[in-house]
Amino acid sequence: MAIRSVHLVYDPEVLAAIRTLEATHTDIEDQPIDLSEDYLRAGADAAEKRVVQAGYRLGAILSALVD
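Quick note: our numbering has the sequence shown finishing at residue 68, numbered continuously throughout.
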């Protein structure tokens, strides 16, 4: 899971855009990064999995409190 997260966050597409902004001294607020549909879909999939994992953790905590 961690390797996929690193690949998703530090995707070559994002890194290239950030390097360009840094090289031209452009503020990211002045030039938003255009992300591909594949990148956005992968991010949504990863976020959904993390929400499910958080739900299980919360359920375990609440269950322990009730017992």
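Glycine included, each C-beta is placed from N, C-alpha and C at the ideal position. This structure is a prediction, so every number in the text was calculated from the model and none was measured.
Residue i (DSSP reduced to helix, strand or coil)
| i | result |
| --- | --- |
| Y11 | coil |
| E30 | coil |
| S64 | helix |
| D35 | coil |
| T21 | helix |
| M2 | With a pLDDT of 48 at M2, under the threshold of 50, the modelled position of that residue is not reliable, and the figure given next carries that caveat. Coil at M2, not helix or strand. |
Whole-angstrom distance between residue j and residue i, CA atom to CA atom
| i | j | result |
| --- | --- | --- |
| D58 | L22 | Correcting the residue type first, residue 58 is Arg in the shown sequence and not Asp. Distance between the alpha carbons of R58 and L22 is about 39 Å. |
| H26 | D12 | 21 Å |
| A61 | A55 | 10 Å |
| L65 | E38 | In the sequence under discussion, the amino acid at residue 65 is Ala, which differs from the Leu named in the question. Distance between the alpha carbons of A65 and E38: 41 Å. |
| I34 | R42 | 16 Å |
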